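Each residue of the first sequence is one higher than the one before, counting from -5 in my numbering.
C-beta: ideal position from N, C-alpha, C; glycine also.
Since the structure is predicted, the reported quantities are computational estimates derived from the model, not experimental observations.
Scroll down for the structure; my scribbles are underneath it.
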Amino acid sequence: MSIKKENPKVDFVKNEHEILDYWSKNKTFEKLVEKNSNGPKWSFLDGPITANNPMGVHHAWGRTLKDLYQRYKSMNGHQLRYQNGFDCQGLWVEIEVEKELGIKSKKEVEDLGIEKFVNLCKERVEKFSEVQKDQSIRLGYWMDWDNSYFTMSEENNYAIWAFLKKLHEDGKIYRGTDVVPWSGRSGTSYSQMEIIEGRKLTVHKGVFVKFPLKDKENENILIWTTTPWTLSSNIAVAVNKKINYAKIKANDGSIYYVAETNLKYQRLNKEFAEKKNWVDGVPKLKTLDQIFKERGGYEIIEVINGKKLIGLTYQGPFDHLEPQRTKGGYPIHDTSNLQDKSAIDCHIIIDGGKDSEGNDMVVEGEGTGFVHMAGGCGAIDNKICKREGFVEISPIDNQANFIQGFDFMSGLSVTDPETAQKIISNLKERGLLLYVEDYPHIYPHCWRSGDELVFKQVDEWYINMDWRNKIKSVVDEINWIPNWGRDREHDWLDNMGDWMISKKRFWGLALPIWTFEDGTFHVVGSKEELKELAVEGWEKFDGNTPHRPWVDYVKIKHPKSGLIGTRIEDVGNPWLDAGIVPFSTIKYFEDKSYWEEWFPADFITECFPGQFRNWFYSLLAMSSFLEEKAPFKTLLGHALVKDEKGDEMHKSAGNAIWFDDAAEKMGVDVMRWMYSKQNVENNLLFGYDKADEVRKKLISLWNIYSFFCTYASLDKFSPHSQKIIPKDLTLLDNWIISKSQQLNASAKLNYENFEVDKLLKNVETFLDDLSNWYIRRNRRRFWKSENDSDKYIAYQTLYDVILDLIKVLSPVLPFVTERMYLNITSTDKNENKDSIHLSDFPKCDDDKINNELIEKVDSLKKVIESGRAVRKKANIKVRQPLQSLRVLLNNDEITSFIKDQEETILDELNIKEVLFSDEVKEFGTLTLKPNFKNMKMKFGDEMQDAMKSISDLDPLKVTKNVLNGLAIPKNEHELTKDDLIIDLKANEGSESFLGNDLIVSLDTTISDSLRLEGVLRDLIRQIQLMRKEANFEIDDRIIISANFSDELKNIIEENKEYFMNEVLCKDIVANLENSDYNSSFKYENNEIEISLKKL
RNA sequence: GGGCUUAUAGCUCAGCUGGUUAGAGCGCAUCUCUGAUAAGGAUGAGGUCCGUGGUUCGAGUCCACGUAGGCCCA
């Protein structure tokens, strides 16, 4: 075996597939697990991926991070669990299954049968977990794929049962209410998404109703609503404290309050005029002003601010009915502490505040400036009433008919126009109605049946979060990256409400809550407990997973009251599923000692947005409740993947990139590089152009490697086969080794601190140093024919550097580094034969870092760069030779270094000689400037004063002393060289550079002979270019004719041999017949025409 | 409305506790190499560091106010 030659052109994607095969055949991953099986444990906890669709490029970011840190830890000998997780339960899966079935409602699911539906959900998850597994493997994600956890598993679900049971024992589980969109015909609730689909233009009766104020004779507020049925359940009235209200006196002497600007406001004027969202035949709406005038006129008595109305109490239109009088709301759904209040007690004018988008709840224009709030009949109303601590009245049943207790309304459908009419008549009879109108508006409908939706109060189950401080104290134990994550989590914990854990769906955790006829409930904590309590249906459940519908069959006997109870139909919030993972996957309930070995996790990483109140929250909540400990030590959050322009990727927008396509087009090493170099705080703009940018870097790495392989294979280089005497290493050898060791050290830090983006920035700089300095300046050592020790040293140096580099990169680029490793180490006895991923992470050898040398080479690079800058400034191209570079050195070591590098300088700058000088004046004018930063530290507020000393110093003397390593001359404030910055301004016609212990200056004057030499080289290049354009072979000989000036003729004559050799010219003739190629170029305002003929 | 956060080159972003001429990559322009070559390299143009005040010897950086965006909450 020896090192194979590698083609500079490489198909990275093809290589990735070959390496995947290699790993699988060679069982590389299994070997890694085996190798570290006794190593110190490092616990990574995988956040489960929703196994509902193929994986996207956004998942690949997180998965790359997960993989690379695990690989890094593995290289350091750690033992890992490598357990991947799949998130299985929840509405998203249901929606996809419904799509497949072509159905869209809960009703249809029930018609199909819950068992069938749930089984389809399971199948879908199983299918896509397989797909995602294959995709992850393609990405190079090394996991124990036979051992993934699924949140739908029994252990996961029962673990949550145990958790909920414990909460219940602490009295933290309670039944509350929420108000959701509801279809009476389907008898089901609707999601927010479905509502948006089903909006439809409808005409409702808009009613203006009087609410008499209490304690104010004959004074009323006027409310307006398009859902008269909700008046039955009025709780409160909201105003806007920022707008003004007019107190008006109508003709009959009664007083009304309405928003001042609403009086003359022409409602829906635009809609009517443009007939947009307007129903034919509906008359124009009247202004309040008109309505009052039609009733005999009115006058404004005074105008007051809304603030003054807050706190007034009023009489509701249905206060005589039982629901309004019942303490605790009607019917009582809530077990919380509102037992002593009835709806009537809540009839108060309140401040409406803002809605979720920051808009005022009560606005000017529409309505009357008073909004009637029915906490049991509207989502927003419900929130506000809950906020105010008001009771709720829920007037309807599942069919959206009035329940008992509502007098003439009971049994009527609330969406039936007849019902509205009956309510209106009743209000009129009782003198509460001011006016009725037809009001067209867009209103949510059941998109399927076309029925109007209503808002219905439903039972929901909550965890009382009054123990949030327990979670908050745990948050501070965690290392949050980026660290603002901590504040974000605290912010959420401070502001969150109780945790609603129920969902009225089918596929999910079966909440282990059984209710009893006396209104009590019992939480079951395990399968065993369920079996013990079961009195019915166990045989139908046994053998099935704890899901609906099977678990619903089981009826239990209450352990205390002995009553028979039924499970609630709800399933659990899916974040419970993911939050229990630090317990369920590592056997908290079965094998505590195993659990203790792996808890808490050392590391988790997830996409930030949303998780503060989802996964992070559920993890923290569950863990702090069960153990009062953080479930993980470090959390790395990353932002989102967007398209190249920064827009959201959407299937419909056509800008989505599929993982599979991206993997095969750009290659996963490129993808992983892209993800890894990204600052995790910023969104990643993903696209093929971006990938090409990264691919260039990868090609650069590959070129270094293929250069090495090409020559190493020619010379049959074998690492460590010869003894090397350290002093034989060249300066550049030592330099690149220093740089390489530095990289090892910083890489380790970068990985340990989870900031791999910094690593890649360092690597990119290192690649540049290696490629453009070390290799470019050392090429000749590899080319030369003799196999001497210098050549061997060059090989061994480059080998060591490449080996460390690819090891450092192997967690990020597992494929390409594997190929490189297997090739270059094939004869290296110190390395394993299997895989780079079985090798140890390179150590940094501090003895090999020579900081002085690094500084020197940096100076050299700086010299050459500034030389080039001078050329550009003087508009002298590199092809034009210049005479000299003047150098001042006071240090033998540096002198020898520069002498050693003379060849480099001559070559890079295209100059004739390097001159050594010791006269500072020759380089330009010196000035001394204060080094503010240092002086501030040293002198503090007296810095101003100390700066005066600078003018007492002679810049020339200071510079000489500094260059000689001496202290600077004595001065009043005892300034040292660190307090000063020496500024060197070059003389005319040259450019100077002042380094730590050297000064250089480039002479930019062009003598005549130099100019001519430049001209000749220009001419040669032009002819070479023509040869290329003419498609001549490299070794074709030619004849030239041209209208050369005398000057050119002379130069060519003087350098004939050189010229003819360079362009492979046999003869220069005056006239050329049948030339093969003609062209011309400009030279000092002369057009030179040249003809070439191939021999 | 409250909280958090961002604003720097055409684009995407760096810029540590205030310090001297504000950087990188891409793009663009010009040049260059041609024995790693469908590569590589150099140089340059391009900035009111969102605005206005303030603190300071000194502000992209700190403070206040404002403007515009993003996120979260109610």
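With distances taken Cα to Cα, identify the nearest neighbour of residue i among the options.
i       : options                            : result
Thr628  : Ile598, Phe606, Phe610 and Ala657  : Ile598
Arg289  : Asp246, Asp972 and Trp532          : Asp246
Ser1003 : Tyr1071, Gln874 and Gly934         : Gln874
Phe711  : Met643, Pro949, Arg771 and Asp784  : Asp784
Trp17   : Gly170, Val810, Leu903 and Leu306  : Val810
Asp492  : Gln415, Ile800, Tyr308 and Thr171  : Thr171
Cys838  : Ala739, Gln415, Thr889 and Phe933  : Ala739
Ile472  : Ser911, Trp569, Asn150 and Pro625  : Pro625
Trp595  : Ile1045, Thr999, Ser388 and Ile574 : The question names Trp, but residue 595 is Ala in the sequence shown. Ala595 has its Cα closest to that of Ile574, out of Ile1045, Thr999, Ser388 and Ile574.
Thr998  : Leu1086, Lys979, Arg865 and Gly181 : Arg865
Glu846  : Asn1065, Lys733, Val994 and Ala54  : Lys733
Leu854  : Asp794, Ile993 and Asn826          : Ile993
Thr560  : Pro808, Tyr547 and Asn567          : Tyr547
Trp609  : Val7, Ile43 and Lys801             : Ile43
Leu257  : Lys270, Lys243 and Ala267          : Lys243
Asn70   : Lys742, Trp223 and Glu163          : Lys742
Ser714  : Leu792, Asn772 and Thr145          : Per the sequence shown, the amino acid found at residue 714 is His instead of Ser. The shortest C-alpha separation from His714 is found at Leu792.
His435  : Thr221, Gly300 and Cys1059         : Thr221
Pro808  : Asp339, Met665 and Asp641          : Met665
Count the other CB atoms within 10 Å of the CB of residue i; is the residue buried (16 or more) or exposed (fewer)?
i      : result
Ile13  : buried
Ser804 : buried
Glu10  : buried
Pro603 : exposed
Ser68  : buried
Val297 : exposed
Asp375 : buried
Ala961 : exposed
Asp40  : buried
His541 : buried
Gln398 : exposed
Ile295 : exposed
Met931 : exposed
Met616 : buried
Met137 : buried
Tyr582 : buried
For residue i, which residues of its own chain have a beta-carbon under 6 Å away from its beta-carbon, when the five flanking residues on both sides are left out?
i      : result
Glu0   : Ser700 and Cys703
Pro553 : none
Trp508 : His516, Ile550, Gly559 and Arg561
Are the beta-carbon atoms belonging to residue i and residue j less than 8 Å from one another?
i      : j      : result
Leu695 : Leu634 : no
Val469 : Glu454 : no
Val952 : Leu974 : yes
Thr58  : Ser467 : no
Ile870 : Ile899 : no
Glu446 : Tyr433 : no
Thr413 : Ala394 : no
Ala337 : Gln309 : no
Tyr184 : Leu216 : no
Leu882 : Phe835 : no
Ser388 : Pro325 : yes
Across which residues does DSSP place residue i in a beta bridge pair?
i       : result
Thr196  : His435
Phe1090 : Residue 1090 lies beyond the stretch modelled for the chain, which goes from -5 to 1089, so this question has no answer here.
Met643  : Paired residues: none, contrary to the question.
Gly631  : Glu600
Cys1059 : Ile1032
Please go through the same chain and pick out, in chain order, the residues whose beta-carbon is closer than 7 Å to the beta-carbon of residue i, but skip the five residues on each side of it.
i       : result
Arg775  : Asp784, Lys785 and Ala788
Asn928  : Asp972 and Asp973
Ser1069 : Ser1085, Leu1086 and Lys1087
Leaving out five residues on either side along the sequence, give the residues of the same chain with a beta carbon under 8 Å from the beta carbon of residue i.
i       : result
Phe1038 : Ile1046 and Ile1082
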